[in-house]
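Those letters in the sequence shown? Residues 18 to 404, by the working numbering.
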Amino acid sequence: MLECTSVDFDHRIGCFAVNCRADYRWYLENTQGSEDLLSIQRKIITGRKTYQTLRADLTRGCLLPPIVLAVSGIEVPEEMKSHPENAIFSLSDEKKDELAAAIVARSNAGIRIVDGLQRTNALRDVCGTLSGKDLDDFLSRPVRLEFWINISFYALAYRMLLLNAGQKPMSMKHQLEIVAENMQTELQTINGLEVITSMDSRRRSVPGQFQLSALAGAFQAWLQRQPHIDLRNAVTEQLLADEAIEALGRGMSLDGNKQGEEFTEFVKWLVVLDSKLGTANLVFLGNETVLLGMAAAVSSGFYSESLKDRTQAAMVKLIADIDAKGLDEGLGPNLFSDMRNGFDVKKINVGKATRDFVNYAFSEYFRNEGEKTMPECWIQASAQVSS
Numbered sequence: 018m019l020e021c022t023s024v025d026f027d028h029r030i031g032c033f034a035v036n037c038r039a040d041y042r043w044y045l046e047n048t049q050g051s052e053d054l055l056s057i058q059r060k061i062i063t064g065r066k067t068y069q070t071l072r073a074d075l076t077r078g079c080l081l082p083p084i085v086l087a088v089s090g091i092e093v094p095e096e097m098k099s100h101p102e103n104a105i106f107s108l109s110d111e112k113k114d115e116l117a118a119a120i121v122a123r124s125n126a127g128i129r130i131v132d133g134l135q136r137t138n139a140l141r142d143v144c145g146t147l148s149g150k151d152l153d154d155f156l157s158r159p160v161r162l163e164f165w166i167n168i169s170f171y172a173l174a175y176r177m178l179l180l181n182a183g184q185k186p187m188s189m190k191h192q193l194e195i196v197a198e199n200m201q202t203e204l205q206t207i208n209g210l211e212v213i214t215s216m217d218s219r220r221r222s223v224p225g226q227f228q229l230s231a232l233a234g235a236f237q238a239w240l241q242r243q244p245h246i247d248l249r250n251a252v253t254e255q256l257l258a259d260e261a262i263e264a265l266g267r268g269m270s271l272d273g274n275k276q277g278e279e280f281t282e283f284v285k286w287l288v289v290l291d292s293k294l295g296t297a298n299l300v301f302l303g304n305e306t307v308l309l310g311m312a313a314a315v316s317s318g319f320y321s322e323s324l325k326d327r328t329q330a331a332m333v334k335l336i337a338d339i340d341a342k343g344l345d346e347g348l349g350p351n352l353f354s355d356m357r358n359g360f361d362v363k364k365i366n367v368g369k370a371t372r373d374f375v376n377y378a379f380s381e382y383f384r385n386e387g388e389k390t391m392p393e394c395w396i397q398a399s400a401q402v403s404s
């Protein structure tokens, strides 16, 4: 069973943390919905000897640090809706039991592992080596759990990036991949958007469909305000992560997150643009390198006080120009494709060049508030990237 021991409120991100205790059996049975995310953690386990030591300690009865989980769709008790600052939050035992029952009702489908994937993987590995009474005894051992209730994707991303700052547990890319499931929940209200996860065998076949991994990458490019997310330079990676934390934190309040709301607006715009491109041009926004370049360009425009109004006006104008002039004159996807195919693969990295190409073209379009056409911007960007 699950026992709620205490409740705290994070005033920075506007979210409740419910501290609980359970046994291994309950925990492993009720986090099956997060099992697919363990593959992310397996890719980044670097201390093999340390991992083996963890497994050995688990068999000897070590007590794990609290595992952090996110759970959605919880109706909180009325007593939790008033949360004075700088006070220890108290809740009656009866309400704690109600809260625990609400979490149990959301098991599997509504629970996501945020911090503790490697520990969960170790628990499952140990279970695989035991049987009979030894397995039953192991599964009856206690585990401490910290549930973040109804936390938004943007608050969760901020929390994860901030707490991991200065450490070297995962790259920024991996951290955002782990919380990407919550992004799907955040964006699912967008009309016309269908998010395809890694567990879905379908491919993008109609406008409005986007891979969750591609949207997570676009969000990273958005936070960094530059389109290259697979960075090999550790110093650059840390500097960009610091900027991402600052960007998320700057807009964070109890009423929401400005950065998050702006990214959501960007995705809404992508869905509209995708509908204008139609089925014949699925490849344009289906290309993750294009999304990365566009996300970085829009984010940079929104970040600058002098460019924000121009960027928003240009985004509206682009849709209007496509309606009035057609795709070739309004956006120029075929021109983009022809120019990209003309890159000299012997001299440049095509992926990096494409991201820069898209980023430069849209940035130029936004700077000029759409007065310079997108075909003109593609031509100028091509000359810039090829030089």
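Note that CB positions come from ideal geometry on N, CA and C, so glycine has one too.
- Judged by beta-carbon spacing, I246 lies beyond the 8 Å limit of Q228, meaning their Cβ atoms are not closer than that value.
- Every alpha helix (DSSP H) stretch that sits fully inside the stretch 133–174 and reaches 4 residues is listed by chain position as 134–144, 149–156.
- K325 has its alpha-carbon roughly 12 Å from the corresponding atom of N385.
- Annotation: the continuous alpha helix (DSSP H) that includes N351 extends over 350–358.
- The beta carbons of F374 and V402 sit about 5 Å from each other, so the pair counts as a contact at 8 Å.
- When the beta-carbon positions are compared, R136 and D40 stay at least 8 Å from each other.
- Per DSSP, the beta-bridge partners of Q228 are I213.
- Each of T70, Y320, T296, L290 was checked against the Cα of D340, and the nearest Cα belongs to L290.
- Under the criterion of beta carbons closer than 8 Å, R372 and L309 qualify as touching, at roughly 5 Å.
- The C-alpha of R141 is placed about 11 Å away from the C-alpha of F155.
- Within the model, the alpha-carbon separation for D110 versus A331 is close to 55 Å.
- P94 has its alpha-carbon roughly 18 Å from the corresponding atom of A87.
- Measuring C-alpha to C-alpha distances from H28 to each of A235, L152, I168 identifies I168 as the nearest.
- Rounded to the nearest whole angstrom, the CA to CA distance from A313 to C79 is 45 Å.
- Rounded to whole angstroms, the gap between the alpha carbons of I30 and T22 is 22 Å.
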